[in-house]
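Taking the numbering used here, the leading residue of the sequence shown gets 15, the next gets one more, and so forth.
Notes follow once the structure below has been shown.
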Amino acid sequence: MAKIGFIGTGIMGKPMAQNLQKAGHTLFFSEHFEKTPADLLGEHGIGLANPREVAQEAEFIIIMVPDTPQVDDVLFRADGVAAGVTAGKVVIDMSSISPTATKVFAEKIKATGASYLDAPVSGGEVGAKAATLSIMVGGCPKAFERVLPLFQAMGKNITHVGANGDGQTAKVANQIIVALNIQAVAEALLFAAKNGADPAKVREALMGGFAGSKILEVHGERMIKGTFDPGFRISLHQKDLNLALAGARELGLNLPNTANAQQVFSTCAAIGGSNWDHSALIKGLEHMANFSIRKE
Numbered sequence: 015m016a017k018i019g020f021i022g023t024g025i026m027g028k029p030m031a032q033n034l035q036k037a038g039h040t041l042f043f044s045e046h047f048e049k050t051p052a053d054l055l056g057e058h059g060i061g062l063a064n065p066r067e068v069a070q071e072a073e074f075i076i077i078m079v080p081d082t083p084q085v086d087d088v089l090f091r092a093d094g095v096a097a098g099v100t101a102g103k104v105v106i107d108m109s110s111i112s113p114t115a116t117k118v119f120a121e122k123i124k125a126t127g128a129s130y131l132d133a134p135v136s137g138g139e140v141g142a143k144a145a146t147l148s149i150m151v152g153g154c155p156k157a158f159e160r161v162l163p164l165f166q167a168m169g170k171n172i173t174h175v176g177a178n179g180d181g182q183t184a185k186v187a188n189q190i191i192v193a194l195n196i197q198a199v200a201e202a203l204l205f206a207a208k209n210g211a212d213p214a215k216v217r218e219a220l221m222g223g224f225a226g227s228k229i230l231e232v233h234g235e236r237m238i239k240g241t242f243d244p245g246f247r248i249s250l251h252q253k254d255l256n257l258a259l260a261g262a263r264e265l266g267l268n269l270p271n272t273a274n275a276q277q278v279f280s281t282c283a284a285i286g287g288s289n290w291d292h293s294a295l296i297k298g299l300e301h302m303a304n305f306s307i308r309k310e
C-alpha cells in the first residue's frame with residue numbers, strides 16, 4: 015500500500031481521503047492551516063505539522079484546496095511541499111486552478127526531480143463520497159500510470175488529457191458546460207412556473223426527453239425543493255468562470271454565455287448567496303424576475 019500525503023480535507027477532500035484509506039493506503043495530513051478531522055486519523059491517518067513534513071513522509075502528495083493562491087502557498091511556502099519533496103515522488107494537484115499557473119508550478123516541482131500532475135475533478139460532493147469522480151489529468155504519462163490506482167480509488171472516469179496544464183484546461187471547459195446547463199435548467203423552470211405550470215411536473219416530463227441531463231435530474235430537484243446547502247459553492251464556480259473568462263481574453267475569444275452566467279452568479283452573491291450551492295443560480299434569476307418557483 016502507498017504512503018500518500020493529502021493536503022486539503024474540506025467538502026471534497028475529506029471523502030476523497032476516506033476512499034483512499036478504505037483502499038488500504040496510509041495518509042499523512044498537514045495541520046498547518048487547520049486540524050485534521052478526527053475521523054481521518056488513526057491506523058491509516060497521521061497528522062503532521064506542515065506540508066514539508068508530509069512531502070518527506072509520502073511517496074505521493076495530493077493537494078485539494080480552493081484556488082491558485084492556496085496551491086502556491088502549500089507548494090512553495092518556507093515549510094511547503096517543495097521543501098520536502100525529492101526525486102521519484104509525485105505531486106498531484108487535484109484542486110481547480112489556473113492552467114497558466116499550473117504550468118509554472120509543474121516546472122518548479124520538476125526541478126526538484128519529482129513529477130507533477132494536475133488532476134482536477136468533477137462530480138461534486140456526491141461523486142467524492144461515492145468514489146465516482148471524473149478525473150482529468152495533465153502531466154507525464156509514466157507518472158500518470160503510477161498514480162492511476164490511486165485515481166481509481168477516488169473516481170471512475172479517469173482521462174490522461176495531455177501535458178501539464180491540460181487537466182486544468184479540461185476542468186475549466188467542464189465548468190463552462192456545467193454553469194450553462196444550470197442556467198438553462200433554471201431559466202426553463204422559471205419560465206414554466208411563471209406561466210402557471212407545476213415546475214416539478216415539467217421537470218418530470220423533460221427528464222424522459224432530449225433535454226434530460228444530470229443537471230436537470232440533480233440540480234433541477236434542488237431548485238424545486240429549495241435545498242441549496244453547498245455541494246459546490248457559488249463562490250467557487252465564480253472562481254472557475256473567472257479562469258475561463260481570463261483565459262478567453264488571453265486567447266482573443268468571446269464567451270458571451272459564460273459571461274452571462276457569471277453575471278447571474280454575481281447577482282446571487284450580491285443577495286448573500288456566495289456560499290449557496292451553485293444550483294441556487296436560479297435564485298439570482300428569481301430575484302431579477304421578482305418571482306419564485308417555490309412557495310416561500
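All C-beta atoms in this analysis are idealised placements derived from N, C-alpha and C, irrespective of residue type, glycine included.
What you are looking at is a predicted structure, and each value in this text was computed from that prediction instead of being measured.
For residue i, collect the residues of the same chain with a Cβ closer than 7 Å to its Cβ; drop the 5 residues on either side in sequence, then sort them by chain order.
i      : result
Met15  : Gly38, His39 and Thr40
Leu23  : The residue you asked about is not Leu; residue 23 is Thr in the sequence shown. Excluding residues within five positions, the ones whose Cβ falls inside 7 Å are Ala31, Phe43, Thr50, Pro51 and Leu54.
Asn195 : Ser227 and Ile229
Ala145 : Asn33, Ala167, Met168 and Gly169
Sorted by chain position, which residues of the same chain lie with C-beta nearer than 8 Å to residue i's C-beta, five sequence neighbours on each side aside?
i      : result
Asp86  : Ala115 and Phe119
Lys117 : Asn178 and Gly179
Ser249 : Ala283, Ser288 and Asn289
Determine the DSSP secondary structure at residue i, reduced to helix, strand or coil.
i      : result
Arg247 : strand
Phe20  : strand
Asn171 : strand
Met150 : strand
Asp107 : strand
Asp132 : strand
Asp212 : coil
Gly176 : strand
Gly181 : helix
Gly141 : helix
Quick one: is residue i near chain B, going by C-beta distance under 8 Å?
i      : result
Val192 : Absence of chain B from the displayed structure is noted, only one protein chain being present.
Write down the C-beta distance between residue i and residue j rounded to the nearest angstrom, noting that I regard them as a contact closer than 8 Å.
i      : j      : result
Leu164 : Phe74  : 6 Å
Gly127 : Ala157 : Actually they do not touch by this definition, with Cβ atoms about 12 Å apart.
Residue i to residue j, Cα distance in whole Å?
i      : j      : result
Gly153 : Val99  : 17 Å
Pro83  : Lys143 : 26 Å
Ser129 : Gly223 : 45 Å
Glu67  : Val95  : 8 Å
Pro134 : Ile190 : 14 Å
Glu235 : Arg217 : 8 Å
Ile149 : Ala184 : 10 Å
Residues in the same chain with beta-carbon distance under 6 Å from residue i, minus the five sequence neighbours each way, listed in chain order, please.
i     : result
Lys17 : Thr40, Ala72 and Glu73
Original post:
Mind pulling the alpha helix (DSSP H) runs of 4 or more residues that sit fully within the region 31–99?
Top reply: 65–71 and 82–90
Original post:
Whole alpha helix (DSSP H) runs in the region 281–310 with 4 or more residues, listed along the chain?
Top reply: 295–303
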